[in-house]
Structures are given as structure tokens and as C-alpha cells.
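Residue numbers (this note's numbering): 66 to 300.
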């Protein structure tokens, strides 16, 4: 069997080794040797963006924040939904991930990043959220493995109560915050409701109708608190 080829590596601020690999045209990112993402499984990331942006697909100039570039599947899906007047900010903390996607030698997300609607920032998305008030129609967070299991220190601040309140404040009225999770994380929906969101939960397969079931949490900014509402599973 042909082995995976190591293409490049970088180190996170907390000292973890991030590596980029290729195998028969597929690419993968690993954290200290453990798989984080692959170009072979991205249906749930695309569904995340579609659900988060659906309510503003007909708006004149919606503003969207995407946390985590990954391999650009979430960004590409958002571009497919949003109108020509949209503005999309992508916050990616690792310079190497941005460089890998822009590298013409790797068929990743260079074209999506070059779209005139897109601004890519080498920043912690949590800092962007903290500095924003009523700025975004949608905030799409595909960071780490979601609220259930994190591989990078500091990411838990996006998913705790204070982080959720900051995210809600960064939304415009009737805005949507969408969170991708590798696991069901049922308590996270309750925490979102406590932070003032009306919560919807969707399931999506990793590869169309196959692969692992991932969870998508949708939080709608609301004046009063609501409990979580479970929608039918997809796939």
C-alpha cells in the first residue's frame, strides 16, 4: 500500500506538531500524528456553511465570519450560497495552513481564497469575535473537533458560556452562529440556550450518505431564552 507522504509541518502556539500529508491526490492534516481533517470527508463542513448562510442568501450585502480555514470546504460552500455583495472574513490562526491552501502545488482552496468577497486573516477567531459587536449575519465555527474534544489549547474559550455570549453579541439581529462538532455534545445545546440562543441541531454525514455522523449546532440570536430543538437526522 502506498504510504502517506509528509509535505510540510508547523507547530501550534501551544507546541503541538501540525503536519500536512498527501496520498493518491487526497490531503490530510494531523495533530501530533492524530488525524484532524482530510479532503476525503467534507460533506458536513459544507452543510455547516449552507445552513448558517441560508437565511441571508438573498440579502444585498451580508457579512459572514468563518473560524478555521481547514481545506476551504466551509468557505467554498459559503461562497456558493452567498450573493455577489457578500463579505466573508476567514480567521485562521496558523500561517502554515493559509500558505498550504494558497500553494499552487496543492489543489486546495487557492481559488476560493482569491474570490473578491473573501478576506483571510491570520488571527485567532476568538479575538475577532471579541472585538465585534453586531457585525455579522452569520458566524461559522469549524474549529478543532468542536465542543466535544479539542486538540489545541485555548479553543475551549469558543465553546464555554462566556465565549457563546461573545459570539451572540457579535451577530446582527436575527443572525446565526453555527458550530461543527465531531460528536453529539448534547450539553452544548443547553449551554447555547443559556447564552441566549434559540438552538437547532442537525446531523450530517462526513461523506454524503456515508461516513461518521457529525453534529451541527445552529444558534439564532434571540431576546429570550429557548431550549434546544432537535431536527431530523440527515443521511
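For each residue, glycine too, the CB sits at the ideal point set by N, CA and C.
Based on DSSP bridge pairs, tell me the residues matched to residue 83.
Bridge partners of residue 83: 75, 96.
Taking the alpha-carbon positions, what's the residue 119 to residue 172 distance?
Near 27 Å, if we compare the C-alpha coordinates of residue 172 and residue 119.
Roughly how many whole angstroms lie between the Cα atoms of residue 250 and residue 169?
One C-alpha to the other measures close to 37 Å.
Taking the DSSP output, what are the residues bridged to residue 280?
In the DSSP output, where bridge partners are listed per residue, residue 280 has 246, 268.
Of the choices 129, 128, 103, 148, whose alpha-carbon is the least far from that of residue 122?
Nearest of 129, 128, 103, 148 to residue 122, Cα basis: 148.
Taking only the alpha-carbon atoms, compute the straight-line gap between residue 207 and residue 108 and give it to the nearest angstrom.
Rounded to the nearest angstrom, the two C-alpha atoms are 13 Å apart.
Using only the alpha-carbon positions, how far apart do residue 130 and residue 88 sit?
Cα to Cα, residue 130 sits roughly 31 Å from residue 88.
Counting only runs of 3+ residues fully inside the stretch 145-215, write out the beta strand (DSSP E) ranges in chain order.
The stretch 145-215 contains these whole beta strand (DSSP E) runs: 152-156, 183-186, 201-206.
Assuming residue 241 and residue 284 are in contact, meaning their beta carbons sit under 8 Å apart, how far apart are those beta carbons, in whole angstroms?
Residue 241 to residue 284, Cβ: 7 Å. Contact.
How big is the Cα-Cα spacing for residue 86 and residue 105?
Each residue's alpha carbon lies about 13 Å from the other.
Taking C-alpha atoms, which residue in 199, 80, 133 lies nearest to residue 237?
Comparing Cα-Cα distances from residue 237 to each of 199, 80, 133, the minimum goes to 199.
In whole angstroms, what separates the C-alpha of residue 69 from that of residue 239?
Cα to Cα, the separation comes out at about 45 Å.
Can you look up residue 297 in the DSSP assignment and give me helix, strand or coil?
Model confidence at residue 297 stands at a pLDDT of 40, short of 50, so the residue's coordinates are unreliable and nothing is read from them.
Buried or exposed: which applies to residue 226, given that a residue is buried once 16 or more other Cβ atoms fall within 10 Å of its Cβ?
Residue 226 is exposed by the Cβ-count criterion.
Out of curiosity, what's the CA-to-CA distance linking residue 263 and residue 146?
Roughly 23 Å separates the two Cα atoms.
Which same chain residues end up closer than 7 Å to residue 116 when comparing Cβ atoms and leaving out the 5 residues on each side of it in sequence?
Around residue 116: 243, 267, 281, 283.
Would you mind reading off the limits of the alpha helix (DSSP H) that contains residue 256?
That run of the alpha helix (DSSP H) goes 251-259.
I need the boundaries of the beta strand (DSSP E) containing residue 222, first residue and last residue.
Note, residue 222: premise wrong, no beta strand (DSSP E); not H, not E.
Sort out for me which residues DSSP pairs residue 262 with in a bridge.
The partner list for residue 262 (beta bridge, DSSP) reads 286.
Does DSSP put residue 134 in a helix, in a strand, or in coil?
It is coil, neither helix nor strand.
With a 10 Å radius around its C-beta and 16 neighbouring C-beta atoms as the bar for buried, classify residue 80 as buried or exposed.
Answer is exposed; the Cβ neighbour count stays below 16.
On the DSSP bridge assignment, give the partners of residue 88 in chain order.
In DSSP, residue 88 forms a bridge with 91.
If I measure Cβ to Cβ from residue 112 and keep anything under 8 Å in the same chain, skipping five residues before and after, which residues do I get?
Hits under 8 Å: 142, 267, 269, 281, 299.
Could you compute how far the alpha carbon of residue 202 sits from the alpha carbon of residue 67?
Their Cα atoms are separated by approximately 45 Å.
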